[in-house]
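If you use mature numbering (1 follows the signal peptide of the UniProt record, and there is no 0), the sequence shown corresponds to residues -23 to -1, 1 to 594, in order. Here a beta-carbon is modelled for each residue, glycine too, at the ideal position from N, C-alpha and C. In what follows, a single structure is set out as structure tokens and then discussed.
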Amino acid sequence: MKTFKFTKILLLAFLTFGLFSCSDDDDAGDVITPSNTIADFVAGNPDYSSLGAALEVTGLDATLDGTANFTVFAPNNAAFNSFLSANGFNSLSEVPEDVLTQILLNHVQEGEIMSNALTTGYIESMATGMASDEPLSMYINTDDGVTINGASSVTTADVEVDNGIIHAVDAVIGLPDVTTFATADPNFDILVQALTADASFTFVETLMMNEDPAPFTVFAPTNTAFANVLAELELAGLGDIPADLLSSILSYHVVVGANVRAEDLTDGMSVTTLETGSFTINLGENVTITDENGRTATIVATNVQANNGVIHALDTVILPENDAIEIETNTIADFVAGNDDYSSLLAALEATSLTGTFTGTDNYTVFAPNNDAFAAFLTDNGFNSLDEVPTDLLTQVLLNHVQMGEIMSTDLTTGYIPSMAVWGASAEPLSMYINTDDGVMINGVASVTAADIETDNGVIHAVDAVIGLPDVTTFAIADPNFDILVQALTREESFNFVETLMITEDPAPFTVFAPINDAFVALLDELELAALGDIPTETLEATLQYHVVTGANVRSGDLTDGMEVSTLQGEDFTVNLGDDVMITDGRGRTATVIAVDVQATNGVIHALDTVLLPPTD
């Protein structure tokens, strides 16, 4: 019947317009166009007289009578009567004008939003609250019709007017507090159960307050987060958590006296909670929280803005440090400590204070040597026990088994990767040579015997040898691309290249421009020789010396265009920078640097596709 009445009004307006349009004024070119704005709809419908009165009192009728487009969730008179009664008002005139203004704006969105464009989730209204100048959120639930903030349902949708869309609703959408969204959003059902689990709890009453200790910032765990923490703590349900412990856990998710939005969070920020404990914010691809037990939670939704605070949703329940909480962890450190075959590795980690590194939340890949591997390492290096190994050296040896991040064995490919060790010639990480031709071998000395042992903070690959700190000969021997180079370096008993290039004192550090196998093959063709043995000893020695720079660890970033490089042989070659790094030797021949910055303790290697030749006399 209401629609029929409204149609009659429109029809009368149309007929009246038709009469006027036939008048003499029409001949003058003036056309009167009837308007049908949101304000017109409200003013012309008796069932929305309370809404009309509220709009007039607050001056918002003019806003909704203009040309800007809005979407309005419009409560009828019955809805306003219920609102006034529920909030202790006898009439609209008793509602403070500033409060009434924000309540009305809490029914309005900018732009036109048809009902079929509404999806379950959060949108912003045009209202602002006491906690922030940012717009208040609205929770839309479309599981069964359209419900707003769990309290107001759309009864008639998509009433189109000249400046927007009206959706009739059966309740006034009051200014939400943080509990409004907790109760409206089914993702927080278990959180609500927890907040009300014990008669002594006052969480709901507190979180509805607009005065001190408000505003609140609530880090709200989802249902999945609660299910996971119950499994983690090996509990069947919320009822198995003692009330005092549950209260402590819930308080640990609440910050008082601050409306901390996502943009206010900083990396490393320590956040003090209602529980009096603290947690740490980590900014990266995602925003994560590290709790007092070293566990991490990811913020999966941010800035749900209420009148008295803001909510951020978590995928994990964060836990305060509490003797009543027994958390079973499976970190890299836990694995080592729990396995007798790695007692030497554990002792080494403890001696170097690296245990804490592998107990934390950062992810690592560790090539883990067993006790036999450590025993062999000590014997080979003249130590009777781990205690005799200098702590700084032992630290770097251990870090030479570690990479940042998780690297599964299937992700390993033949080539060079950086370890976390730094020692000797450079402040850059030492390289590791991975060979996957037959299993996985590191630096030609340690083979993976058990791969992909997954832990909470990374992956472990068991190895059968300690991966010592490499010198430049380590990579020459380990990398089959340098097989002919090694043959050349060791061809004559009089050659002392290997012994020299293992030295860590003067004339170290070394920069070695190392020709690959194909480079030697091409040289033999160029010189019309059948084999390496056909090169005169003096010529071979001079040629090899011409590839070595002493007293400098020259990384690719140190090379400059036109740089003259003095070699162990005594003559220079020239570096040319362009699309590639090229070297012009003493005979005007050119070689391309095809791999750079293979970092050892006593120098660095760059691979060449051509053997350099010193100038002839």
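Query	Result
Distance between residue 337 and residue 454 (C-alpha atoms, nearest Å)	36 Å
Residue 260 beta carbon less than 8 Å from that of residue 274	no
Assumed close pair residue 296, residue 226 - CB separation to whole angstroms, cut-off 8 Å	6 Å
8 Å Cβ cutoff met for residue 155 and residue 131	no
Residue 549: first and last residue of the uninterrupted beta strand (DSSP E) it sits in	549 to 554
Close-in-space but distant-in-sequence residues of the same chain around residue 251 (CB under 6 Å, 5 per side omitted)	228, 231, 233
Where the alpha helix (DSSP H) through residue 15 begins and ends	15 to 20
Residue 587 to residue 502 span [Cα, whole Å]	12 Å
Buried/exposed call for residue 473, threshold 16 Cβ in 10 Å	exposed
Cβ neighbours of residue 29 in the same chain (closer than 6 Å, five flanking residues each side left out)	19, 20
In DSSP terms, what residue 225 is bridged to	Answer is none; residue 225 lacks a bridge partner.
Residue 267 - DSSP class collapsed to helix/strand/coil	strand
Assigned exposure category for residue 554 - 16 Cβ within 10 Å defines buried	exposed
Euclidean distance between Cα positions of residue 386 and residue 271	27 Å
Neighbourhood of residue 6 by C-beta, 6 Å cutoff - its chain only, sequence neighbours within 5 removed	Note on residue 6: pLDDT 42, under 50, position unreliable in the model; the coordinate value appears next. Excluding sequence neighbours, residue 6 sits near nothing in its chain.
Contact under 8 Å by Cβ, residue 572 with residue 559	no
Buried versus exposed call for residue 212 [16 or more other C-beta atoms within 10 Å across all chains shown]	exposed
Neighbour-count burial assignment, residue 286, 16 or more Cβ in a 10 Å radius	buried
Residue interval of the alpha helix (DSSP H) (run including residue 320)	320 to 328
C-beta contact flag for residue 552 and residue 536 at 8 Å	yes
Bridge-paired residues (DSSP) for residue 105	112
Residue 440 to residue 566 span [Cα, whole Å]	44 Å
Neighbour-count burial assignment, residue 76, 16 or more Cβ in a 10 Å radius	exposed
C-alpha distance - residue 198 paired with residue 247, whole-angstrom precision	19 Å
Inter-residue Cα distance where the pair is residue 2 and residue 139	Here the model assigns residue 2 a pLDDT of 43, short of 50, so the residue's position is not dependable and the matter cannot be decided.
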